[in-house]
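Asker: Residue numbers (the numbering used here): 137 to 644.
All C-beta atoms, glycine included, are put in the ideal place defined by N, C-alpha and C.
Note that the coordinates shown come from a computational prediction; the quantities given were computed from them, not determined experimentally.
My questions will all concern the structure given below.
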């Protein structure tokens, strides 16, 4: 059983699934405490689960065994929940090279060495080099392109976003009740002044001081913790600090064991003056992480889980994932009336309120099974219907050929894409300036979601094409087989893709 802290738009649904699986949810928010007849202690979590910035999924990080244990509750709501191990979990110490300097920091190509040992995650690491962002203010040295650096991950980033993990040039450990960072003294990071004074008094009374060279930062959960928990939290942070210092430095001194202050605690992070110290694998990896992307079917499964605890409208998570405004609208709708759980997803109402509308600019966000996201281009919405259909047109540039069709792409060609909410495929028809059909490409994918500014899905490799002479061909079955073997496409999802492709072959 793992202790899990959950935050974000999926919190109620995931709390229900975690509790059903026998895990403990700790440091629960006020709404979660109201909705469940369960105990929610304030113990430090072993795993933290938070919604991604774009609301498309969640990231989980913490103790490696605990992260592996909660994978099924996070991914089991539907076939189109896809998971990828995080090569840069918060707290990891990695070596890398500065490849670019920007206005406020440096881009670092990190040496992650691949994801090892966490077989329970059953998925390959995202393809390509892993880059991080190192703010200049977080490292005590001048940083230039070509520098070798040793850094710690402060905040990771979902593989399907264009954000880079944020890095720092000094150690920070802990994070349940208390964190340790280079410095001296004690800081109470609690917003409520009365709570902060009470906790400070308790710490003074107990004499809970950090070791030499480190500053203790007591976090909000410490306010409600008892004496034993406070002592245990500090002891655990000190143990973690010693382990990290041993991994990142020369190991000659334990934390507080004769160092001269913060410089001793930093243990060689930042710019390395000796490139021979660079390691190809993580220097220290106290935590594991996993990113989970939810597709439309999975969001429906999460709706069902949430409905066991509180009133939930059809498409609750699907609408909330679309935009912050849409998320607030769902909260208002559910507060005003009791939703009918058997009603259909109100596509027309949602699009009328939040978009897209005819004439809007609209992207096609093409997710890949390895976690990456490719935007196929931006077009113009030429039609929206109440049944969940959206038509998008894009004017093509000249050069090259159309994938799978073997037809030259000419300037002025128009691509017309017909997207339908919830469908496992969508066609794009290419036409020349004179209206001549140059071919149709039918993409097989996870169920399409039509958000206000983009359609979103994950490509499932196998596709069906219709050539200008009417010939129908099925393509890329080999890529789907390779993805299944690599662990990026689960077999149930692959079987659905094959079934859809077979039906399209017959229909075309």
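1) On the DSSP bridge assignment, give the partners of residue 211 in chain order.
2) Looking at the unbroken alpha helix (DSSP H) that takes in residue 87, where does it start and where does it end?
3) Does the segment 494-507 touch the segment 586-597, meaning 3 or more C-beta pairs lie closer than 8 Å?
4) Should residue 585 go down as buried or exposed, given a rule of 16 or more other Cβ atoms within 10 Å for buried?
5) Mapping the DSSP letters down to three states, classify residue 302 as helix, strand or coil.
6) Quick one: which unbroken alpha helix (DSSP H) runs of 4-plus residues sit fully inside the segment 571-644? Chain order, please.
7) With DSSP as the reference, identify every bridge partner of residue 553, one or two as the case may be.
8) Might you give, ordered along the chain, the residues of its own chain that have their beta carbon closer than 6 Å to the beta carbon of residue 243, omitting 5 neighbours on each side?
9) How big is the Cα-Cα spacing for residue 329 and residue 336?
10) Quick one, which of 498, 226, 578 and 430 has its alpha-carbon nearest residue 561's?
11) Evaluate residue 302 with the Cβ neighbour count: other Cβ atoms within 10 Å of its Cβ, from every protein chain shown; 16 or more gives buried, anything less gives exposed.
12) Exposed or buried, which one is residue 168 when buried takes at least 16 other CB atoms within 10 Å?
13) Only counting the same chain, and skipping five residues up and downstream in sequence, which positions put a Cβ closer than 6 Å to that of residue 496?
14) If you draw a straight line from the alpha carbon of residue 357 to that of residue 176, how long is it in whole angstroms?
15) Since residue 645 and residue 324 are thought to touch, with beta carbons under 8 Å apart, how far apart are those beta carbons, to the nearest angstrom?
16) So, do the segment 198-206 and the segment 429-448 have three or more beta carbon pairs nearer to each other than 8 Å?
17) Per DSSP, which one or two residues make a beta bridge with residue 499?
18) Hey, would you say residue 182 sits closer than 9 Å to residue 138, going by beta carbons?
19) Is the segment 209-220 touching the segment 405-414, taking contact as three or more C-beta pairs under 8 Å?
20) Suppose you measure from the CA of residue 343 to the CA of residue 318; what does that come to, to the nearest Å?
21) Helix, strand or coil for residue 203? Go by DSSP, reduced to three states.
22) With DSSP as the reference, label residue 281 as helix, strand or coil.
23) Within the chosen definition, does the segment 476-485 reach the segment 562-573 through at least 3 CB pairs nearer than 8 Å?
24) Among the residues of its own chain, which have a CB less than 7 Å from the CB of residue 214, if the five just before and after it don't count?
25) Kindly indicate which residue of 639, 513, 571 and 166 has the alpha-carbon position closest to the one of residue 559.
26) Could you pull out every residue in the same chain whose Cβ sits closer than 7 Å to the Cβ of residue 534, ignoring the five residues on either side in sequence?
27) What is the C-beta distance between residue 230 and residue 248, in whole angstroms, given that I count them as a contact (C-beta under 8 Å)?
28) Distance, Cα to Cα, residue 240 vs residue 304?
29) Could you tell me the distance, in whole angstroms, from the CA atom of residue 154 to the CA atom of residue 536?
30) Thinking C-beta only, is residue 553 closer than 9 Å to residue 574?
31) Helix, strand or coil: which one does DSSP assign to residue 329?
32) Check whether the Cβ atoms of residue 519 and residue 525 sit closer than 9 Å, and answer yes or no.
33) Measure the Cβ-Cβ separation of residue 144 and residue 194 and say whether it is below 9 Å.
34) Under 9 Å between the Cβ atoms of residue 210 and residue 426?
35) Three-state secondary structure (DSSP) at residue 356?
36) In the DSSP assignment, find the unbroken beta strand (DSSP E) run with residue 139 in it and report its ends.
Answerer: So, to answer that:
1) Partner(s): none; residue 211 has no beta bridge.
2) Outside the shown range of the chain (137 to 644) lies residue 87, about which nothing can therefore be said.
3) Enough Cβ pairs lie closer than 8 Å, so yes.
4) buried
5) Strand, per DSSP.
6) 613-622 and 627-643
7) 528 and 564
8) 235, 236 and 267
9) 10 Å
10) 578
11) buried
12) buried
13) 517
14) 12 Å
15) Given that the chain is displayed from residue 137 to residue 644, the structure contains no residue 645 and the question cannot be resolved.
16) no
17) 514 and 590
18) Yes. Within cutoff.
19) no
20) Those two C-alpha atoms are separated by around 19 Å.
21) helix
22) Coil at residue 281, not helix or strand.
23) no
24) Answer for residue 214: 431, 433, 434, 436 and 437, listed in chain order.
25) Checking every option, the nearest Cα to that of residue 559 belongs to 639.
26) 545, 546 and 547
27) Contact between residue 230 and residue 248 holds, since their C-beta atoms are separated by about 6 Å, short of 8 Å.
28) 13 Å
29) Their backbone Cα atoms lie some 50 Å apart in a straight line.
30) In this structure, residue 553 does not lie closer than 9 Å to residue 574 by Cβ.
31) helix
32) Yes, the pair counts as a contact, with Cβ atoms nearer than the cut-off.
33) yes
34) yes
35) helix
36) 139-143
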